[in-house]
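Asks:
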Amino acid sequence: MAGPVVGVDIGSTTLRAVELDDAAKAKPTIVRAHEVPLPEGSVKRGDVIEVHTLASAFKRLWAAGGFRTKDVALGIGGQSVIVRDLTVPRMPLAQIKESLPFQVQDLLPVPVSDAVLDYYPIGENQSESGPAVNGLLIAAFKQAVTTNITAVTMAGLTAVSMDLLPFATTRVHALSSPTEGYAVHMNIGANAMTIVIVQAGVPQFIRIVPAGGDDTTRALMSRLSVSREHAEGLKRELGLSPLAHTDEQRRAAEIIHESTSELLTAVRNTLAYFASVRPGVLYDHLSAGGGAMQMRGFSVALAESTRIAVVPVNPLGAVTLSRSLRGKVSEERLQSWSTAIGLAIGGGS
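Take the sequence shown: its letters are residues 11 to 359, numbered as in the working numbering.
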């Protein structure tokens, strides 16, 4: 699709949108970006709970952001998506996709009729039954897809694409730190962590972990009996560094370390599984993004845990900023736009 497109990241607490002038260009330009808060509970763990509330947020977002187009590139992830390795007999991609409903029912926890299916081919091999294609089965719950599109339509906008969120984020990671070898692309959101293992920028394995930075916040709120704002402040102030002085800070530090160690364990387990099916793989780097990367000491802990060089994702490797935005956007804010940027690039391709 030529022309401007707006990628919209539907988060648990924030609706973020980024408009690219021509998303099909090798390095498009961000011409507009805006975000609005979402009422607590309207989106939970990637699932839209209150569609009318989300539609109202889309209207506010467009009114305040001044976007020139009503074409929206959406994404889906979290609990609403299942990604599985799938090998099928070699045939044209269109035929593979047509055959999916007859091949994958045993891989899904819901009836095939309740899922939107897609297939992402990775490579070919020779199986016992003949030439075969290795790839990733993508299954999204139809209700989640419909709900997102309904909210957009109610706001007077048009959904032009629906992308898998790990694909969207890895577009930005791959352009931020390209390599011909293997790399790990990781994004930690509020309620989900995506891990994509790529070779020369091409996804080979995807895991969506139903845990994220908000788990730490909620643990602090519950165990210390503090507000969300106070819990977020403790998380930012302390992180994983040895800065605790008061009793509250020491208790908070223990909670933060405990919660964060679960994320690090999930990353290690994912890499261990991939090593069992692809032995001998060496990683060039681990590119990481998301709110947790802003937490003090997390990047160092991630590198020590995985023994892989960690680099922060840099969205300016994928896009440029318009003159009106240059010098006005912080690195933290730019990183928070990564998913929306990746969605916009995908929507324009």
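Positions of the beta carbon are idealized from the N, C-alpha and C atoms, including for glycine.
Please list the segments of the beta strand (DSSP E) lying wholly inside the region 234–270, counting only runs of 3 or more residues, in order along the chain.
Replies: Listed in chain order, there is nothing to give.
Asks: Report the rounded CA-to-CA distance for M11 versus G358, giving the unit in angstroms.
Replies: If you number the sequence shown from 1, residue 11 lands on position 1. If you number the sequence shown from 1, residue 358 lands on position 348. Note that M11 has pLDDT 48, beneath the 50 cutoff, so the model's placement of it is unreliable and no number is given.
Asks: Could you tell me the distance, in whole angstroms, from the CA atom of V339 to the CA atom of L331?
Replies: On the sequence shown, position 329 is the one that residue 339 refers to. On the sequence shown, position 321 is the one that residue 331 refers to. Computed Cα separation, rounded: 9 Å.
Asks: Among all the DSSP beta bridges, which residues are the ones paired with V194?
Replies: For the purposes of this step, residue 194 is taken as residue 184 along the sequence shown, with counting starting at 1. Answer is I207, L296, bridged to V194.
Asks: Can you tell which of A154, E108, G211, I207 has its C-alpha closest to the C-alpha of I86?
Replies: Numbered from 1 along the sequence shown, position 76 holds the residue referred to as residue 86. Nearest C-alpha to I86: A154.
Asks: Quick check on the DSSP output: what are the complete alpha helix (DSSP H) runs of length 4 or more inside the region 129–197, in order along the chain?
Replies: Fully enclosed alpha helix (DSSP H) runs of 4 or longer: 152–164, 175–186.
Asks: For A125, write down the residues that DSSP places opposite it in a beta bridge.
Replies: Translated into positions along the sequence shown, residue 125 becomes position 115. DSSP lists F151 as partners of A125.
Asks: Tell me whether M11 sits in a helix, a strand or coil according to DSSP, three-state version.
Replies: By one-based count along the sequence shown, residue 11 stands at place 1. With a pLDDT of only 48 at M11, under 50, the local geometry of the prediction cannot be trusted, and the value read off the model is given with reservation. If DSSP states are grouped into helix, strand and coil, M11 belongs with coil.
Asks: Using a 10 Å radius around the Cβ and a threshold of 16 neighbouring Cβ atoms, would you call P252 buried or exposed?
Replies: As a position in the sequence shown, residue 252 is number 242, starting the count at 1. Its Cβ having fewer than 16 others within 10 Å, P252 is exposed.
Asks: Which complete beta strand (DSSP E) runs does the region 11–68 hold, if anything under 3 residues is left out?
Replies: Counting only runs of 3 or more, we get 15–20, 24–30, 39–47.
Asks: Quick check: L353 and A83, are their CB atoms within less than 7 Å of each other?
Replies: To locate residue 353, count along the sequence shown from 1; it is residue 343. To locate residue 83, count along the sequence shown from 1; it is residue 73. Yes, they are a contact pair.
Asks: Could you pull out every unbroken alpha helix (DSSP H) segment of at least 4 residues lying fully inside the region 333–357, listed in chain order?
Replies: Listed in chain order, they are 341–346.
Asks: So, at 6 Å on beta carbons, what are the nonlocal neighbours of E29 in its own chain, with the 5 sequence-adjacent residues on each side left out?
Replies: Mapped onto the sequence shown, residue 29 falls at position 19. Cβ within range, chain order: P14, V16, V41, R42, F77.
Asks: Measure the alpha-carbon distance for P141 versus E341 and round it to whole angstroms.
Replies: As a working mapping, residue 141 is identified with position 131 in the sequence shown. As a working mapping, residue 341 is identified with position 331 in the sequence shown. If I take the Cα positions, the gap works out to 47 Å.
Asks: Give the single residue among T97, V219, T39, L71 whose Cα lies nearest to the Cα of R55.
Replies: Residue numbering aside, residue 55 sits at position 45 when the sequence shown is read from its first letter. Comparing Cα-Cα distances from R55 to each of T97, V219, T39, L71, the minimum goes to V219.
Asks: What are the uninterrupted segments assigned as beta strand (DSSP E) that are 3 or more residues long and contained completely in the region 64–101, given in chain order?
Replies: Counting only runs of 3 or more, we get 81–86, 91–99.
Asks: By the DSSP assignment, the beta strand (DSSP E) with V310 in it spans what residues?
Replies: Here residue 310 refers to the residue found at position 300 when the sequence shown is read from its first residue. That residue, V310, is in no beta strand (DSSP E); its alpha helix (DSSP H) goes 308–316.
Asks: Let me confirm a value: K107 is counted as buried when at least 16 other C-beta atoms fall within 10 Å, else exposed. Which label applies?
Replies: What you label residue 107 is simply residue 97 of the sequence shown in a count that begins at 1. By the 10 Å Cβ count, K107 comes out exposed.
Asks: Helix, strand or coil: which one does DSSP assign to R228?
Replies: The residue labelled residue 228 in the question sits at position 218 within the sequence shown. Helix.
Asks: According to DSSP, is R278 helix, strand or coil?
Replies: On the sequence shown, position 268 is the one that residue 278 refers to. Looking at R278 - three-state DSSP - the assignment turns out to be helix.
Asks: At which residues does the alpha helix (DSSP H) containing P111 begin and terminate?
Replies: On the sequence shown, position 101 is the one that residue 111 refers to. From DSSP, the alpha helix (DSSP H) with P111 extends over 103–113.
Asks: May I ask you to report which of helix, strand or coil DSSP gives S359?
Replies: Start at 1 with the first residue of the sequence shown, and residue 359 comes out as number 349. Here S359 sits in coil by DSSP.
Asks: Which residue's Cα is closest to the Cα of L379: D294, E258, H240, D19?
Replies: One cannot answer for residue 379 here, as it falls past the ends of the chain, which runs 11 to 359.
Asks: For the region 220–230 against the region 242–251, are there 3 or more C-beta pairs whose distance is under 8 Å?
Replies: These segments touch.
Asks: Determine the direct distance from the alpha carbon of M196 to that of H44, and round the result to whole angstroms.
Replies: In the sequence shown, the residue the question calls residue 44 occupies position 34. In the sequence shown, the residue the question calls residue 196 occupies position 186. Roughly 24 Å separates the two Cα atoms.
Asks: How many whole angstroms separate the CB atoms of L146 and D95, which I take to be in contact at a CB cut-off of 8 Å?
Replies: Counting from 1 along the sequence shown, the entry for residue 146 is found at position 136. Counting from 1 along the sequence shown, the entry for residue 95 is found at position 85. About 7 Å separates the two Cβ atoms, so the contact holds.
Asks: Between A34, P102, I92, E134, which lies nearest to V126 when the distance is taken from Cα to Cα?
Replies: Here residue 126 refers to the residue found at position 116 when the sequence shown is read from its first residue. That would be I92, whose Cα lies nearest to the Cα of V126.
Asks: Do V53 and V98 have their CB atoms nearer than 7 Å?
Replies: As a working note, residue 53 is residue 43 in the sequence shown. As a working note, residue 98 is residue 88 in the sequence shown. Contact flag unset, no.
Asks: Counting beta carbon pairs with one atom in the region 343–350 and one in the region 296–306, are three or more of them shorter than 8 Å?
Replies: Segments in contact, yes.
Asks: Figure out for me which residue from L292, A33, T24, E272 has the closest Cα to the Cα of P49.
Replies: For this step, residue 49 is matched to residue 39 along the sequence shown. That would be T24, whose Cα lies nearest to the Cα of P49.
Asks: Just the Cα atoms here: how many angstroms apart are L326 and K37?
Replies: Translated into the one-based positions of the sequence shown, residue 326 becomes position 316. Translated into the one-based positions of the sequence shown, residue 37 becomes position 27. Whole-angstrom Cα-Cα distance: 9 Å.
Asks: Whole angstroms are fine: how far does the CA of T204 sit from the CA of M101?
Replies: If you number the sequence shown from 1, residue 101 lands on position 91. If you number the sequence shown from 1, residue 204 lands on position 194. Near 30 Å, if we compare the C-alpha coordinates of T204 and M101.
Asks: So, with DSSP's three-state summary, where would you put L331?
Replies: Numbered from its first residue, the sequence shown carries residue 331 at position 321. In the structure shown, L331 sits in a strand (DSSP, three-state: E or B).
Asks: Leaving out the 5 sequence neighbours to the left and right, which residues in its chain are closer than 7 Å to Q89 when beta-carbon positions are compared?
Replies: Counted from its first residue, the sequence shown places residue 89 at position 79. Within the same chain, Q89 has close Cβ partners R55, G56, D57, P220.
Asks: Among A193, A262, H240, I216, which has the Cα closest to the Cα of V10?
Replies: Look at the range of the chain in this structure, 11 to 359, and you will see that residue 10 is not part of it.
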